[in-house]
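Quick note: the sequence shown, position 51, residue 91 per our numbering, numbers continuous.
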Amino acid sequence: MVTGGFYSIEQKNRPTIVVLNTNYMGSNKDPFGQWKWLEKVLQDVRQKRRTAFIFGHMPPGFMEPSREVMPKCLMSDDSNARYLRMVENYADIISGQFFGHLHADTFRVFYNSTGKPISYAFVTPSVTPKDYNNPGFRLYKFDDNTGKIYDYEQFYLDLRNANVRKSADWTKEYEFLSYYKLKGITAEEMHNLAENLSRTNESPIFEQYLDAYSAKSNKQDCTTNTSWYHYCAITKLEKKSFHGCLTESKKNQIECPQSHAIVIPQPSRGFQSSSVDQLIINMQILIAAFAFVFFSSQ
Numbered sequence: 041m042v043t044g045g046f047y048s049i050e051q052k053n054r055p056t057i058v059v060l061n062t063n064y065m066g067s068n069k070d071p072f073g074q075w076k077w078l079e080k081v082l083q084d085v086r087q088k089r090r091t092a093f094i095f096g097h098m099p100p101g102f103m104e105p106s107r108e109v110m111p112k113c114l115m116s117d118d119s120n121a122r123y124l125r126m127v128e129n130y131a132d133i134i135s136g137q138f139f140g141h142l143h144a145d146t147f148r149v150f151y152n153s154t155g156k157p158i159s160y161a162f163v164t165p166s167v168t169p170k171d172y173n174n175p176g177f178r179l180y181k182f183d184d185n186t187g188k189i190y191d192y193e194q195f196y197l198d199l200r201n202a203n204v205r206k207s208a209d210w211t212k213e214y215e216f217l218s219y220y221k222l223k224g225i226t227a228e229e230m231h232n233l234a235e236n237l238s239r240t241n242e243s244p245i246f247e248q249y250l251d252a253y254s255a256k257s258n259k260q261d262c263t264t265n266t267s268w269y270h271y272c273a274i275t276k277l278e279k280k281s282f283h284g285c286l287t288e289s290k291k292n293q294i295e296c297p298q299s300h301a302i303v304i305p306q307p308s309r310g311f312q313s314s315s316v317d318q319l320i321i322n323m324q325i326l327i328a329a330f331a332f333v334f335f336s337s338q
């Protein structure tokens, strides 16, 4: 365990688990040398011809901008740029990236300097309903040796039904490949999925995406250009390109159908505690990391 709260777990004949402390990436300061450490870990993985899973709380890039007119980068501009460069330099040995923070079910696509998709990250929904999301958790299927992600199963808890029935019944929400009709999980396939989301608010794929975004909480957060806003957040992780994407979106003015009127259900009291939320977030990261150590599919 490193003093700064970031660490790696090297496994024999399995992907190395790399856990970041993204709290330090909210500023340009690096008091415990996390960037130098990360570079060394990834260099070591490459030299040993292995692969790595990267875990962190706060993803690179921006939030989907439906809540703010011009959202800020989640990391500091400098940290965000450094992380994007790191992914571009080591995309060949990064088998997967996994983040949270947004309390939403979404993803991110990374590109190289020529615009080719080279990596991707999954952003998972939270077990706490802080942002009107239903609780959710996920089980990944991956190759023991290479770390290649084959698929995942997403589960959720319908809070409204749970409160009425006084019983917490977790339900499988979907399986990723079949849900989005993908051939596999690669950077290219994730890029194609993002492109399909951006075409229209009335696209069946985008409707499915919105349903999953808040784990079926019935919060149909759809306004003018919503599909473009999500597309920008998913594919434009660098500040200049993200702002350029938002500017381009205003030229299209894709309206939202009436079936997607905004409905924000009020969560039950007791689920808004920030201290409990942070505790569960930390537990999620640890559980996710150890789940990848002990569980996989051949």
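A virtual CB, placed ideally from N, CA and C, is assigned to each residue, including glycine.
So, helix, strand or coil for residue i, using DSSP?
i	result
L197	strand
R178	strand
G136	strand
T56	strand
S267	helix
R89	coil
I13	Because the chain spans 41 through 338 in this model, residue 13 falls outside it and cannot be assessed.
K221	coil
V127	helix
K212	strand
G66	helix
Please report the distance separating the alpha-carbon of residue i from that of residue j.
i	j	result
T197	W210	According to the sequence as given, residue 197 is Leu; it is not Thr. When rounded, the distance between both Cα atoms is 5 angstroms.
H141	F72	22 angstroms
S116	F138	19 angstroms
K188	R54	11 angstroms
K76	G284	31 angstroms
G101	N120	7 angstroms
S153	E278	11 angstroms
K181	D132	20 angstroms
Going by beta carbon distance, what residues of the same chain come within less than 6 angstroms of residue i, once the five residues before and after it are set aside?
i	result
A301	Residue confidence is low: A301 scores 42 on pLDDT, short of 50, so the model does not pin down where it sits. Its coordinate-derived value is still stated next. None.
A252	D145
Y130	L82
M98	T62, L114, H141
Give every residue of the same chain whose Cβ lies closer than 7 angstroms to the Cβ of residue i, excluding the five residues on either side of it in the sequence, and list them in chain order.
i	result
A234	V149, Y271, I274, T275
Q324	The predicted position of Q324 is uncertain, since its pLDDT is 45 and thus under 50; a value taken from the coordinates is nonetheless stated next. Here the set comprises G140, V167.
Taking 8 angstroms as the limit between beta carbons, can you name the residues of its chain near residue i, skipping five residues before and five after?
i	result
L78	F46, V58, L60, M126
N185	N53, R54
Can you find at least 3 beta carbon pairs, one from the stretch 117–125 and one from the stretch 161–174, that sit closer than 8 angstroms?
no
Any contact of the stretch 85–95 with the stretch 49–61, i.e. 3+ C-beta pairs under 8 angstroms?
yes
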